Each structure stands twice: as C-alpha cells, then as structure tokens.
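All remarks here apply to the structure that follows.
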Amino acid sequence: MTLRRVLMTIAIAFTAYFLARSVIVATVVPDTPLHLAAVVLWLATVAVVLWVPGRDPRSHGVGNRSPSRLPLWAAIVVVVVITIAQSQAIWASGDHIHDPIVATMFGANGQVLTILMVRRRPFWAWCGVAVVAALGVASMGAGEALGRGLLGTFLWVGIAQLMLWSVDRAYLDTARLARLQQASAAWQASQDARRAERRKRVRFALAVAGPVLTRVVQSAGRLDEAERRESLMAEGTLRDELRAHRLLDDDVRAAIRRARDHGATVTVIDDDALTDLGDDALGQVRAALAEALRDTDADRIIVRTTPDPDTAVTVVGRRAAPEPDEDALALWQEIPRPAPDLMA
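Each step along the sequence shown adds one to the number in our numbering, with nothing skipped, and position 30 is 21.
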C-alpha cells in the first residue's frame, strides 16, 4: 500500500469519527440547522483536500507515491470555508460553547488543516490554524480553547509538517543513493570493458610478438635480414595496437603493413580524440585512412587523431631527401569528422 492510500484511509476514518461526533453535537446546541450547515461546509472542505487533483509530486523533487500538491485556489477556498464553518459552529453553540462535546469543531478543522499540510500547502495550513485559534480564543478564552482541542490542532499540523519533511528527505536520500549505485555500476562496467580490451590487446601482442621472440631466443639474437625485418614489423604492429587501436581494422592494418614492406616508416598515434565516435563513424574514418595509406608512396608517414570539430585524423607523408630538413611533402590529408547522426 502506498503512502497516499494510507493517508487517505486514515483521513476517511477520522472524517467518519468527527462526523459522528458532529451529529451528537447537533442534538445539544440550540441552533441545530446552523450547526448542520457548518458540518456540511466542513465535509465540503474534506472533499476538496482529499480529492481535488494536484500537481505531480515529482515536479517538486519527491516520489510519485507522495501526496500531490493541492492547487492554490483550492487551498484558499479551504481556509475561507473553514473560517465560515468555525464561525457558524460557534454561533450555533450559544450558551453551550463551553460544553466539552462542542470542542469537536477544533478536532474536525484540525483534521482538514492537517491534510492541507500533507497536500503541500504549509502556508495556508498555518493560516487556517491561526484563524481557528483566533475564533476559538475569542469565543471561549485562550486557556479553555487550548484545553478543549486547539492545542491538538497545533500539534497535528506541526507533526504533519515534520513527517512530510522526513518523508521527502528520505525519498531524496534514496534517490541520491540510487543515482550513486547507477554511477557505480556504470563505472564498474567501463572498468570491465577496459580490462576486456586490455586482455584482448595482450592476446594480440602474444600472437604477434610470440613467434618473433621465440626465434630471437632460439638464435641468441643472431637473425638474418628477413628475420630482422619481421621483428621490426612486429614491433611496429605492437606499437600501433598500443597507441591507436581505435584507428585500426583489417584494411588499415593491411595498408600499414604494405607501406612498411615498401620501406616506409609509419607512426600511428591516437590522442583519444575519437572517443565520441560510434562504430559507423569510426568505420568511415578507417576506410578513408586505409585509402590514403594505399595511395601514397611517402617514406615517412605520420597518422594522428585531432580534437578539431571538423577533422578526425590528419595524415602527413614525406619523401626522404639527402638532407633531413629538405624532406619533400608527399601527402597531407585531413580526414573529416563524420556527420553528427553517425557520432553516437
């Protein structure tokens, strides 16, 4: 059972109790019709505070099972009608105003104001308490009014406000804990993904470097020219996988290997500038990179990602010259960053 249903059940039970007491009072007071009119008005306020729909409690940052906020017009109507009903009850009591049974009006109006507080209208609830207190003190004196039920009205409304604060605080703490748990789960998932990626990189490194290292150990470092080239190729491949695995697919790896087979020096660097790209966008970038590497005959090639909003990867190639400072520019290509609809 939700908090809203619990409060509704309690409110209906108290309404029935005070209604029964009001019927008994009607047999005591001298002006029964006026007293019954006050009872009808009181029942109307009960109906308003219980059943007039309000704003979604989630708009106030609390749970959707909490009581909704009563509309402002309804809160004002409740306070005005309670003022009228209280006045009618006092006038109808006449000389019986000091009879204990007549104090039912304090409890009945206190119930309405308590519900008004629970419906998230604290200002108007305390305004109603002030009106009920003023009328009660004026009709029977402060001491008697407090002893006949006015003190209970203050306590009911005050306790309702404290309970509402407590429930809202508990909900906010629970929601905050849920957000922390979600963030923790997301972080754990990202760490698991990183560990899985690292294991994948290690397996690839063993697959690439294992045979080469085995040959180096077996030959005590004495490698022929072909084995040296293969060792250098394995070293470059490992470096690529460690530095820029997001840029690599089978076509890019094949294009890099082809360039190195022809004697080119290829350096690939990923500065984590492509983390916002989805699989489709990365596929476009890799396809463009593979094509650029296949079409160049540069002797030194540098591939690097860039955080530029319009450019994803920059590819620079140079041809060797007798003097290093005189190297000729053989390739300059900026691979554009894919359209936003491919970024996710």
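Ideal Cβ positions, reconstructed from N, Cα and C, are used throughout, including at glycine.
A quick note: this is a predicted structure, and the numbers were derived from the prediction, not measured.
Counted as a single uninterrupted DSSP element, the stretch harbouring I92 is not any beta strand (DSSP E), since DSSP gives it neither H nor E. Rounded to the nearest whole angstrom, the CA to CA distance from R12 to R167 is 46 Å.
Cβ neighbours of S222 within its own chain (closer than 6 Å, five residues either side excluded): V203.
Taking 8 Å as the cut-off, the beta carbon of P329 is found closer than this to the beta carbon of L268. Residue pairing of T305 in beta bridges, as defined by DSSP: R295, E325.
Secondary structure note for I260: its beta strand (DSSP E) is the uninterrupted segment 256 to 260.
According to DSSP, residue pairing for L320 in a beta bridge involves R309.
Contact between the stretch 172 to 179 and the stretch 120 to 134 is absent: fewer than 3 CB-CB pairs across the two stretches fall below 8 Å. Distance from the CA atom of V120 to the CA atom of V19, rounded to whole angstroms, is 26 Å. Assigned with DSSP and collapsed to three states, R46 falls in strand. Excluding its 5 nearest sequence neighbours in each direction, T287 has C-beta neighbours in its own chain below 7 Å: G308, A321, L322, listed in chain order. Its chain contains V39, V43 as the residues whose beta carbon lies nearer than 7 Å to that of A65, once the 5 sequence neighbours on both sides are disregarded; these appear in chain order. Of A255, T305, G138, D231, the smallest CA-CA separation from H89 is found for G138. Of the residues assessed, T228 falls on the buried side of the cut-off, its CB having 16 or more other CB atoms within 10 angstroms.
Here L141 is buried: its Cβ has 16 or more other Cβ atoms, across all protein chains shown, within 10 Å.
Note on geometry: alpha-carbon atoms of D290 and A283 lie some 14 Å from one another. The Cβ atoms of A116 and Q79 lie no closer than 8 Å to each other.
Within the DSSP secondary-structure output, R277 pairs in no beta bridge. The continuous alpha helix (DSSP H) containing G149 extends over residues 142 to 209. For R234, the enclosing alpha helix (DSSP H) stretches over residues 216 to 235.
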